[in-house]
Amino acid sequence: MASLVIHGGAGTIPRANFTPESYQAARNGLADALRSGWAILSAGGLAVDAVEAAVVALENHPSFNAGHGAVLNAAGYHELDAAIMDGRDRAAGAIASARTIRNPIRAARRVMEASDCVLLSGAGADAFAREQGLDIVEQEYFTTALRREHWTRADEERRGLLKRERSEAEKHGTVGAVACDDKGNLAAATSTGGYTYKRAGRVGDTPVIGAGTYARNGVVAVSCTGLGEYFIRRGTSHDIAARIRYRNESLEEATAAAIAELSADKCGAGLIAVDAKGNIAMPHNTEGMYRGAVSADGKISIGIYADDFSPIDA
Ligand code: ASP
Numbered sequence: 003m004a005s006l007v008i009h010g011g012a013g014t015i016p017r018a019n020f021t022p023e024s025y026q027a028a029r030n031g032l033a034d035a036l037r038s039g040w041a042i043l044s045a046g047g048l049a050v051d052a053v054e055a056a057v058v059a060l061e062n063h064p065s066f067n068a069g070h071g072a073v074l075n076a077a078g079y080h081e082l083d084a085a086i087m088d089g090r091d092r093a094a095g096a097i098a099s100a101r102t103i104r105n106p107i108r109a110a111r112r113v114m115e116a117s118d119c120v121l122l123s124g125a126g127a128d129a130f131a132r133e134q135g136l137d138i139v140e141q142e143y144f145t146t147a148l149r150r151e152h153w154t155r156a157d158e159e160r161r162g163l164l165k166r167e168r169s170e171a172e173k174h175g176t177v178g179a180v181a182c183d184d185k186g187n188l189a190a191a192t193s194t195g196g197y198t199y200k201r202a203g204r205v206g207d208t209p210v211i212g213a214g215t216y217a218r219n220g221v222v223a224v225s226c227t228g229l230g231e232y233f234i235r236r237g238t239s240h241d242i243a244a245r246i247r248y249r250n251e252s253l254e255e256a257t258a259a260a261i262a263e264l265s266a267d268k269c270g271a272g273l274i275a276v277d278a279k280g281n282i283a284m285p286h287n288t289e290g291m292y293r294g295a296v297s298a299d300g301k302i303s304i305g306i307y308a309d310d311f312s313p314i315d316a
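Here the sequence shown is numbered in the numbering used here, starting from 3 and rising by one per residue.
Below you can see the structure in the form of structure tokens.
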């Protein structure tokens, strides 16, 4: 039975700061992404196509930290990371620190299918995307007024001028999707701008296969969000697969254990996962995580906080 789960990152706005409009905009963005992915799965399509389509929709939506709406690094520009993995044969493709690719996840897919690399970075990634005929944009395409404000707050903090804590939403976020198609194939895709004010050249967990993104048929597909350095050091998404494969843990046990370890690191963390039976998990230890899922009957549910995960009218 097919299933699809998405996330828009654990860097959520504190509940009190949402306006009814911005809350609805985020929910709509999640619902649109689920519909894009589900259109493929419900027509008998492949998990890898569904996760790419869902992530493209999230990259195009300004509420989330990926593509249009990505955060700015310390030097004031965008560097984007993305990865995709096809559980059928563990083919994988990723890009890191790209600056001009409109939809980084599409470039990751091309790396997987049209190159002999797994991870391409910087100017090489941008050049490859151009060669492949993908949409190339100016940096301004990614920038929103809100992300400029977030950069300014981070800069004030560095200079000791900020008199309050920055919220999670001001600091980070990511988008991702995992799917199981009706043949039981698994796939995962993740895309991010990383952390606001990150050091130029810093690469997070998202494009590191086995850290922020992983898929293996018969086992699990995982996409992570939270401070990437912790996920890289723990090899989180591969660790979840190993727990299931070698220790026969359930999806729920394996994903809960991963979050518990990240909690012990004091890392605000979240992830989405689907196993070979189509079971899903969306654990997080943060106040919220933008997330959504489609059940086998096509019903879409969306949530941002612990208590607002609910079905919406399709
Ligand atoms: N994992 C992302 C990174 O470290 C950020 C996030 O998910 O919030 O680049």
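Every residue, glycine too, gets a C-beta built ideally from N, C-alpha and C.
For this session: Report all residues from its chain with a CB closer than 6 Å to the CB of Leu-264; omit the five preceding and five following residues, and keep chain order.
Result: Same-chain partners within the cutoff: Tyr-232 and Ala-271.
Exercise. Is the number of C-beta pairs between the segment 94 to 106 and the segment 203 to 218 that are closer than 8 Å three or more?
Worked result: Output reads yes: the segment 203 to 218 touches the segment 94 to 106.
Problem set entry | Identity of the residues DSSP links to Thr-215 by a beta bridge | As a beta-bridge residue in DSSP terms, Thr-215 pairs with Ile-211 and Ser-225.
Exercise. If you follow the alpha helix (DSSP H) that Gly-124 is part of, which residue opens it and which one closes it?
Worked result: Boundaries of the alpha helix (DSSP H) harbouring Gly-124: 124 to 133, taken from the DSSP string.
Exercise. Per DSSP, what kind of secondary structure is Val-2 in: helix, strand or coil?
Worked result: This structure cannot speak to residue 2, because the chain is shown only from 3 to 316.
For this session: Tell me, please, whether the CB atom of Ser-65 is closer than 7 Å to any CB atom in chain C?
Result: Absence of chain C from the displayed structure is noted, only one protein chain being present.
For this session: Give the range of the alpha helix (DSSP H) segment to which His-240 is assigned.
Result: Per DSSP, His-240 belongs to the alpha helix (DSSP H) from 238 to 249.
Exercise. Cβ-heavy atom distance between Thr-194 and ligand 1 below 6 Å?
Worked result: Taking non-hydrogen atoms of ligand 1 into account, the C-beta of Thr-194 is found less than 6 Å away from one of them.
Exercise. When the Cα atoms are used, what is the spatial distance from Gly-196 to Leu-74?
Worked result: The C-alpha of Gly-196 lies about 9 Å from the C-alpha of Leu-74.
For this session: Indicate the three-state DSSP secondary structure (helix, strand or coil) for Val-73 in the structure shown.
Result: In this structure, Val-73 counts as coil in the three-state DSSP scheme.
Exercise. Is it a yes or a no for the segment 82 to 92 touching the segment 36 to 47, going by three-plus beta-carbon pairs under 8 Å?
Worked result: In the pairwise beta carbon analysis, the segment 82 to 92 is classified as not touching the segment 36 to 47: fewer than three pairs are separated by under 8 Å.
Exercise. Which runs of the beta strand (DSSP E) fall wholly inside the segment 176 to 206 and span at least 3 residues, in chain order?
Worked result: For the segment 176 to 206, the continuous beta strand (DSSP E) assignments of 3+ residues that do not extend past its boundaries occur at 177 to 182 and 188 to 194, in sequence order.
Problem set entry | Cβ-based neighbour list, Arg-160, same chain, cut-off 6 Å, excluding 5 preceding and 5 following | Taken in chain order, the list of residues that qualify is empty.
Problem set entry | Nearest to Lys-185 (by Cα), restricted to the options Thr-21, Leu-48 and Ala-308 | Looking at the Cα atoms, Leu-48 is the closest of the given residues.
For this session: Go ahead and pull the three-state DSSP assignment for Ser-38.
Result: Of the three classes helix, strand and coil, the one that applies to Ser-38 here is helix, per DSSP.
Exercise. Given Ile-15, which residues of its chain have a CB within under 6 Å of its CB, disregarding the five upstream and five downstream residues?
Worked result: Only residues of its own chain outside the window of five on either side were considered, and among them Ala-171 have a CB closer than 6 Å to the CB of Ile-15, listed in chain order.
Exercise. With Ala-1 and Leu-36 assumed to form a contact (beta carbons below 8 Å), what rounded beta-carbon distance in angstroms separates them?
Worked result: Residue 1 lies beyond the residue range present for the chain, which begins at 3 and ends at 316; the question has no answer from this structure.
For this session: Compute every distance between the C-beta of Thr-145 and the non-hydrogen atoms of ligand 1, then say whether any falls below 6 Å.
Result: No, the Cβ of Thr-145 stays beyond 6 Å of every heavy atom of ligand 1.
Problem set entry | Collapsed DSSP secondary structure at Ile-364 in the structure displayed | Since the displayed the chain opens at 3 and closes at 316, residue 364 lies outside it and no answer follows.
Problem set entry | Euclidean distance between Cα positions of Gly-2 and Ala-33 | Because the chain is modelled from 3 through 316, residue 2 falls outside the range shown and cannot be assessed.
Exercise. Cβ of Ala-100 within 7 Å of Cβ of Leu-82?
Worked result: Yes, these two residues count as a Cβ contact at 7 Å.
Exercise. Hey, how far is the Cα of Phe-144 from the Cα of Pro-64?
Worked result: One C-alpha to the other measures close to 9 Å.
Problem set entry | Close-in-space but distant-in-sequence residues of the same chain around Lys-173 (CB under 7 Å, 5 per side omitted) | When the five nearest sequence neighbours on each side are left out, the beta carbons in the same chain lying within less than 7 Å of the beta carbon of Lys-173 are those of Gly-13, Tyr-197 and Thr-198, in order along the chain.
Exercise. Does the distance from the CB of Ala-258 to the CB of Pro-285 come in under 7 Å?
Worked result: Taking C-beta atoms as the reference points, Ala-258 and Pro-285 count as a pair closer than 7 Å.
Exercise. Going straight from the alpha carbon of Gly-10 to that of Ala-59, what length do you get?
Worked result: When rounded, the distance between both Cα atoms is 11 Å.
For this session: May I ask which residues mark the beginning and end of the beta strand (DSSP E) holding His-9?
Result: Run containing His-9: 5 to 11, per the beta strand (DSSP E) assignment.
Exercise. Cβ of Ala-260 within 7 Å of Cβ of Ser-225?
Worked result: No, the Cβ-Cβ distance between Ala-260 and Ser-225 is not below 7 Å.
Exercise. Using the beta-carbon count (16 or more within 10 Å), is Glu-61 buried or exposed?
Worked result: Taking a 10 Å sphere around the C-beta of Glu-61, we find 16 or more other C-beta atoms and assign the residue as buried.
For this session: Could you say which of Ala-4, Ala-27, Phe-66 and Thr-21 lies nearest to Ala-52 if we only look at CA atoms?
Result: That would be Ala-4, whose Cα lies nearest to the Cα of Ala-52.
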